[in-house]
Amino acid sequence: MGWFTRRRRRERAVVLATPTLDGRTWPADDPGARTGFGASTTHRLGLDAAFTPEAHEVADLLTAHLVPLLPIDASPDDLPHVVDVLRSAAQAGAGLGIVDARSTTLASDRIGPEVAGALGEAERDLPPMPAELRRQARFLMHAGHHVARLGPGVLPALEAEITGSTAAG
8 MGWFTRRRRR
18 ERAVVLATPT
28 LDGRTWPADD
38 PGARTGFGAS
48 TTHRLGLDAA
58 FTPEAHEVAD
68 LLTAHLVPLL
78 PIDASPDDLP
88 HVVDVLRSAA
98 QAGAGLGIVD
108 ARSTTLASDR
118 IGPEVAGALG
128 EAERDLPPMP
138 AELRRQARFL
148 MHAGHHVARL
158 GPGVLPALEA
168 EITGSTAAG
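What follows is the structure, encoded as structure tokens:
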């Protein structure tokens, strides 16, 4: 087989699930499907998309609606910086959601393996922080992807995840 006629690897799409604080719906680790050129390129495209007005809107929405519901353990002096980190995580996730939404080959309930890998890369890019804050940042990153991909109508389910309410639509 020639360079351009190699058999393509079968794509392994991931279920698009509502983010959870405990991370149980974070895309599973599958290094074969989520590392390499595709994930790295998607991560870069997601970073670029994170600076679009759409990603800023998603981050602002999540910061306004979800961050106040989180039990953030920070001093009054540190709180503005912690909120900035959480907002940045949401914005990075939104950028990846924007890139993911461009796919015309995936069903609406799936994430491409390269996007799942890019989410993992973005999580690894988070700065050092306490475990609880990292869990919250990861949740907001996943929520940013989710809202950018599906729209603000998923916000009640995300709020319910934080509050423990079952009244989400």
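Residue numbers (my numbering): 8 to 176. Note that the Cβ used here is the ideal one computed from N, Cα and C, for glycine as well. Nothing here was measured: the structure is a model prediction, and the numbers come from that model.
Check whether residue i and residue j have beta carbons under 8 Å apart
{"i": "D116", "j": "R156", "result": "no"}
{"i": "R141", "j": "L28", "result": "no"}
{"i": "L73", "j": "E130", "result": "no"}
{"i": "A101", "j": "H152", "result": "yes"}
{"i": "P159", "j": "A20", "result": "no"}
{"i": "A81", "j": "V89", "result": "yes"}
{"i": "T49", "j": "A125", "result": "yes"}
{"i": "E168", "j": "I105", "result": "no"}
{"i": "L147", "j": "L69", "result": "yes"}
{"i": "P34", "j": "A123", "result": "yes"}
{"i": "L93", "j": "G53", "result": "no"}
{"i": "T170", "j": "L77", "result": "no"}
Rounded straight-line distance, which links the Cα of residue j to that of residue i
{"i": "G176", "j": "A164", "result": "Here G176 scores only 47 on pLDDT, less than 50, and its place in the model should not be relied on; the value that follows carries that caveat. Taking the straight line from one Cα to the other gives about 6 Å."}
{"i": "E128", "j": "R145", "result": "11 Å"}
{"i": "H63", "j": "D55", "result": "12 Å"}
{"i": "T59", "j": "T32", "result": "26 Å"}
{"i": "L162", "j": "G43", "result": "32 Å"}
{"i": "L113", "j": "A57", "result": "21 Å"}
{"i": "P83", "j": "A71", "result": "18 Å"}
{"i": "G30", "j": "T111", "result": "27 Å"}
{"i": "P87", "j": "I79", "result": "11 Å"}
Residue i - DSSP class collapsed to helix/strand/coil
{"i": "R31", "result": "coil"}
{"i": "W79", "result": "Before going on, a small fix: residue 79 reads as Ile here, not Trp. In the structure shown, I79 sits in coil (DSSP, three-state: anything other than H, G, I, E or B)."}
{"i": "G145", "result": "First, the residue type needs correcting, since residue 145 is Arg and not Gly in the sequence shown. It is helical."}
{"i": "R117", "result": "strand"}
Which listed residue (the options) has its alpha carbon closest to that of residue i
{"i": "A97", "options": "S110, G43, V154 and S172", "result": "V154"}
{"i": "D85", "options": "T111, M136 and E61", "result": "M136"}
{"i": "A46", "options": "I118, S95 and P75", "result": "I118"}
{"i": "R51", "options": "D132, T111 and T112", "result": "D132"}
{"i": "D91", "options": "A57, T112, G30 and A66", "result": "A66"}
{"i": "P134", "options": "L113, S95, S172 and G30", "result": "S95"}
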